[in-house]
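Every letter in the sequence shown is one number past the one before it in the working numbering, and letter 283, counting from 1, is 267.
This report refers to the structure that appears directly beneath it.
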Amino acid sequence: GPNRGCIVIKVGALPEFKALTNPDEVLIRSDGTATYVAKDIAYACWKLGWLGEDFRYGVWGEQPNGQRVWTTTYGEGTAAHPDFGNVDRAITFVDKRQEYEQKIVKYAAELIGVVGKGEKKKEYRHFSYEVVSLSRRTAEEISKDKLELEDRKIIHMAGRRGLVVNADDVLDGLGKLVEKETRERNPEASQEWVARVSSSIAAGALRYSMIKPDVSKLLVFDMEETVRLEGDTGPYLQYTYARANNIVEKASNVIASEKLEFKAELLSPEESLLIKTVGKLPWVIREASDNLSPRLLGIYAHELADQFNVFYERHQVIRAETPELRATRLILVKTFLQVMRNTLTVMGIEALDSM
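Below, the structure is given as structure tokens:
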């Protein structure tokens, strides 16, 4: 048959593979070469500490925060390096087009005895996600071949056609879109400040656009939508934080000498709802981690920002009716500020004091 002389893993009898026409997977070809799946099986075994062998490592570079970035090497390597591999839970991030192959890898690891049930067994998990596509508008900014894009609203990236988004180019493009508006909103600000804030907004916009989608659905990336200050975007979250920070800064100049005491009974229903939402962050982080779903953080952050903006539009803080209510609302704003900062930090987005 077609697999004569090959080493094959037979999976046709397993429920998740029964519907496939040719479910069995070749690991070693008839010429003795290993397939990608075979290499991934070996790699999974290394990740979980089953091989008893290790790579050699060298320093690839240094990050802006001073931390070293390590890479495997064919050379002598560096003797003093962090421990890699031998984890209890290996998570492989590969898009859903590799779902079948990753099921084979997991099954092979179970056959070997690396993965399975029991206290001492380890876990191998495939984090599957849909591919990223481009909106027609964004694709036109990248591609010179406009005619090919005429009747298509969504463009799938393809290296051979030059439709590939480089992260640095995207950040530059987002930065240019943001910088103009930042300058218009802050005409007295220095160019250095505008550049720094614009860079932060662009990075936050890109990060949030990757965090917020359901990974099982197609992600359509559009640069202009990503940097909007309203809606479900990173800049919206940063702007809400800056808005709250502005209240606290003004209040520190007006009521610095007042004793702050929180009286929950003075608050309206929407203010009480904001308090409850503020308290959910630890639970949301745990759920996002346990379920490998960073999207839960994005949903929470957007809900938190929406509720604060409703509060901001409807209620006075510094000009509240009584000193007691003013103090209570100011404590609420400060609490929101800390929780939103923590939420943004977990997502890798900078909390800007002003923008």
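All C-beta atoms, glycine included, are put in the ideal place defined by N, C-alpha and C.
DSSP beta-bridge partners of residue i
i	result
Y108	A74
H140	S117
G45	V53
E9	I(-7)
V204	S117
Boundaries (first-last residue) of the alpha helix (DSSP H) holding residue i
i	result
G97	That residue, G97, is in no alpha helix (DSSP H); it is neither H nor E in DSSP.
R52	That residue, R52, is in no alpha helix (DSSP H); its beta strand (DSSP E) goes 52 to 56.
E287	279 to 298
T306	First-last for T306: undefined, no H or E at that position.
V262	253 to 262
Backbone CA spacing between residue i and residue j [nearest angstrom]
i	j	result
V204	T122	10 angstroms
A3	I88	15 angstroms
V232	P48	31 angstroms
D38	Q291	51 angstroms
Y113	D198	8 angstroms
A304	L328	29 angstroms
L131	G16	Any reading at L131 needs caution, since the residue's pLDDT is 42, under 50, leaving its predicted position unreliable; the model's value is listed next. Taking the straight line from one Cα to the other gives about 46 angstroms.
A173	P66	44 angstroms
V349	A64	Within the shown structure, residues of the chain are numbered from -15 to 339, placing residue 349 beyond reach of any answer.
L281	K196	8 angstroms
N230	S338	7 angstroms
L302	K247	Residue identity check: residue 302 is Ile in the sequence provided, not Leu. For I302 and K247, the distance between alpha carbons rounds to 16 angstroms.
F320	R298	16 angstroms
L95	I269	34 angstroms
K(-6)	P(-14)	14 angstroms
V178	F295	29 angstroms
Q86	E46	32 angstroms
I333	V323	13 angstroms
A235	A93	60 angstroms
M141	V115	9 angstroms
I139	S117	6 angstroms
G61	Y27	19 angstroms
E254	T224	17 angstroms
L265	N170	32 angstroms
Y20	V330	34 angstroms
S182	N293	22 angstroms
Element boundaries [beta strand (DSSP E), containing residue i]
i	result
V181	Taken as a continuous stretch (DSSP letters only), V181 belongs to no beta strand (DSSP E), being part of the alpha helix (DSSP H) at 175 to 195.
Of the listed residues the options, nearest to residue i (C-alpha basis)
i	options	result
S119	R310, A186, E208	E208
T57	R40, T261, K137, A173	R40
K105	Q51, W34, E271	W34
E249	A272, V268, V323, E308	E308
Q300	L155, A289, R313	R313
L336	A226, S252, L265	A226
R325	A289, P(-1), Y296, D274	A289
N150	K80, E287, E125, D79	E125
F68	G45, C29, V99, E83	C29
R346	Y91, T62, G61, E168	Lying outside -15 to 339, the shown extent of the chain, residue 346 is not represented and no answer is given.
E271	Y284, E254, R73	Y284
D72	E245, V181, V148, E107	E107
G263	L276, E287, V162, E245	E287
C(-10)	K23, V330, G100, E9	E9
Collapsed DSSP secondary structure at residue i in the structure displayed
i	result
A123	helix
V89	helix
V199	coil
A311	helix
A18	strand
R(-12)	coil
A335	coil
P66	coil
S273	helix
K2	coil
F320	helix
N170	coil
G218	helix
V330	helix
K247	coil
R325	helix
V211	coil
W34	coil
R81	helix
N237	helix
V162	helix
N342	A question about residue 342 goes unanswered here, because the residues of the chain that appear run from -15 up to 339.
G157	helix
V268	helix
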